[in-house]
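Here the structure comes first, spelled out in structure tokens, and everything after it is commentary.
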Amino acid sequence: MILIVIAIVAWGATAGGWFKPQSSNGGSCPSNPQVLSGAGSTFVYPLMNTWTAQYAQQCNVDVNYQPVGSSSGITSLGAKAVDFGASDAPLSPAQRAALPGPTVTIPETSGGVVMLYNLPTVVGTVQLSGPVIAAMYLGGITNWNDSRITSLNPSLSIPSTPILTVHRLEGSGTSFCFTSYLSAENSTWASLYGRGLSVGWPVGEGAKGSTGVAGIVGSTIGAIGYDEFAYAQLNHLTYAAIANSAGNYIFANQTNVQTAVQEGAANLPSGTSDWYNVTLLNEPGPQTYPIVTFSYVMLFTDLSLIYGSSMTADDASSLGHFLYWLLTSGQSYASGVFYVPLPANVVSADEQSLALVTYNGAPIPTH
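Going by this note's numbering, the sequence shown opens with residue 35, and the numbers climb by one from there.
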């Protein structure tokens, strides 16, 4: 999977208490805005880029976000180099234990992982199943006209073009989602490689970031790669219809990704609990897309304890205001860049989780 990390700083107090100027959308802004910084998930970057631009315009707060992949984002969080991290993979128990203090995990958005492919002579949409995708990534299917593929696509004329599987080079939350899916679909993959931000890919070519995967697939005939739905849409790339838990071949769109999110969001852990086994894969329903994940932000629960004098009250306030805006008003920007807004119950749970974050013993201001 992917981890996005964003550092955000700002807080504003006056002698008469907190002053909360109104943003252009009716929400509140920090009274003493600070420059914010962060790094992590590339999965969420198109949406994060939109969020940071809109928030800067509305509240005069700059958020410097570096899409460097989930592993680097988690590392930056642990080094206290950023104020919060975002990842498409929740922290593992080992990662949580290695951090310098307790954290809160907050879903910020959700999206589908699609299988991009480059077969320009094929007229129509290629259908793929989980076991077939796993066989391709294991190296057991090496040409597109393999009978296991053509049997799923009897109406298509599929060439004998060699298959190039493309995967993420760096630690990635998208990889975590995809390898979790492969592990659920293929016992050999599960036993030999399992799920993770990084795994020992048996075949294929690695690419840096979600943009890198899209670039290699888009420029290489015969290539196939996994990527966030937004990257397929924004780069005008072809992607496969995937067999879901009902046996139907589903061509990803925002509606059937949202169905998966609604199905999987009914019983989520608290923000300070272990999220490692939370999954939105293979949710039930005849039109539910099968490869879906949350993207998360993570931050420390006691900011003054972790950061000491390097984080001021103004910094903590800006962090709280930005994250609250992102989780509420900011959700309105998700659909425009092909992500799925969070359901109301998840937003409500997120607000409760954000309320657990403190500075000098008091909850950080949010709105």
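Built from N, CA and C at the ideal position, the CB exists for glycine as well.
{"Check": "Cutting at 6 Å between CB atoms, please list the residues of its own chain near glycine 205, excluding the five before and the five after it.", "Outcome": "Gly103, Ser104, Ser105, Leu231 and Ser232"}
{"Check": "Of all the alpha helix (DSSP H) runs that stay within the bounds of the segment 129-214, which reach a length of 4 or more residues?", "Outcome": "164-172 and 181-184"}
{"Check": "Measuring only the C-alpha atoms, how far is glycine 72 from aspartate 122?", "Outcome": "15 Å"}
{"Check": "Tell me the DSSP secondary structure of valine 326 in three-state form.", "Outcome": "strand"}
{"Check": "What residue ranges within the segment 210-253 form continuous alpha helix (DSSP H) runs of no fewer than 4 residues, ordered along the chain?", "Outcome": "221-226 and 243-253"}
{"Check": "Along the chain, where does the beta strand (DSSP E) containing phenylalanine 118 start, and where does it finish?", "Outcome": "118-121"}
{"Check": "Is the beta carbon of tyrosine 273 less than 9 Å from the beta carbon of leucine 216?", "Outcome": "no"}
{"Check": "Kindly indicate the opening and closing residues of the alpha helix (DSSP H) around serine 382.", "Outcome": "378-388"}
{"Check": "Determine the extent of the alpha helix (DSSP H) in which asparagine 83 is found, giving its start and end residues.", "Outcome": "79-93"}
{"Check": "Tell me which residues share the same chain as threonine 137 and place their Cβ nearer than 6 Å to its Cβ, disregarding the 5 neighbours each side in the sequence.", "Outcome": "Met332 and Phe334"}
{"Check": "Quick check on serine 57: buried or exposed, where buried means 16 or more other Cβ atoms within 10 Å of its Cβ?", "Outcome": "Confidence at serine 57 is low in this model, with a pLDDT of 46, below 50, so the placement of that residue is unreliable and no value is reported for it."}
{"Check": "Can the beta-carbon of alanine 368 be found closer than 9 Å to that of threonine 143?", "Outcome": "yes"}
{"Check": "State buried or exposed for asparagine 94, treating a residue as buried only when at least 16 other CB atoms are found within 10 Å of its CB.", "Outcome": "exposed"}
{"Check": "State yes or no: is the C-beta of leucine 268 within less than 9 Å of the C-beta of alanine 294?", "Outcome": "no"}
{"Check": "When we look at the beta-carbon of glycine 281 and count the other beta-carbons within 10 Å, is it buried (16 or more) or exposed?", "Outcome": "exposed"}
{"Check": "Assuming the contact rule is C-beta atoms closer than 8 Å, serine 338 and tyrosine 265 should be a hit. Round their C-beta distance to whole Å, please.", "Outcome": "Not a contact, Cβ separation roughly 38 Å."}
{"Check": "Can you tell me where the beta strand (DSSP E) holding aspartate 336 begins and where it ends?", "Outcome": "It is not in any beta strand (DSSP E) - aspartate 336 carries neither H nor E in the DSSP assignment."}
{"Check": "Would you identify the three-state DSSP class for aspartate 348, choosing helix, strand or coil?", "Outcome": "helix"}
{"Check": "For aspartate 261, does the three-state DSSP call read helix, strand or coil?", "Outcome": "strand"}
{"Check": "Kindly indicate the opening and closing residues of the beta strand (DSSP E) around glutamine 73.", "Outcome": "In the sequence under discussion, the amino acid at residue 73 is alanine, which differs from the glutamine named in the question. Unbroken beta strand (DSSP E) run through alanine 73: 70-73."}
{"Check": "Expressed to the nearest angstrom, what Euclidean distance is found between the alpha-carbon atoms of valine 200 and serine 253?", "Outcome": "12 Å"}
{"Check": "Looking at leucine 125 and tryptophan 309, is the spacing between their C-beta atoms short of 9 Å?", "Outcome": "yes"}
{"Check": "Where does glycine 119 land, buried or exposed, given buried means 16+ other C-beta within 10 angstroms?", "Outcome": "buried"}
{"Check": "Report the residue from Ser352, Asn278 and Leu198 whose alpha carbon sits nearest the alpha carbon of isoleucine 250.", "Outcome": "Leu198"}
{"Check": "Mind checking whether isoleucine 192 and leucine 153 have CB atoms under 9 Å apart?", "Outcome": "yes"}
{"Check": "Could you give the DSSP three-state label for tyrosine 373: helix, strand or coil?", "Outcome": "coil"}
{"Check": "Comparing C-alpha positions only, which one of Ser110, Pro196, Asp384 and Leu376 sits nearest to glycine 305?", "Outcome": "Asp384"}
{"Check": "Can you name the start and end residues of the alpha helix (DSSP H) that alanine 294 belongs to?", "Outcome": "288-298"}
{"Check": "If you draw a straight line from the C-alpha of alanine 132 to the C-alpha of glycine 112, how long is it?", "Outcome": "8 Å"}
{"Check": "Do phenylalanine 285 and alanine 275 come within 9 Å of each other at the CB atom, strictly closer than that value?", "Outcome": "yes"}
{"Check": "State the DSSP-derived secondary structure class of alanine 266, mapped to helix, strand or coil.", "Outcome": "helix"}
{"Check": "Please classify leucine 361 as buried or exposed, where buried requires at least 16 neighbouring CB atoms within 10 angstroms.", "Outcome": "buried"}
{"Check": "So for serine 366, helix, strand or coil by DSSP?", "Outcome": "helix"}
{"Check": "Start and end of the alpha helix (DSSP H) containing isoleucine 108?", "Outcome": "104-112"}
{"Check": "If you run the structure through DSSP and keep just helix, strand and coil, what is serine 2?", "Outcome": "Residue 2 lies beyond the stretch modelled for the chain, which goes from 35 to 401, so this question has no answer here."}
{"Check": "For asparagine 98 and serine 387, what's the separation of their Cα atoms in angstroms?", "Outcome": "24 Å"}
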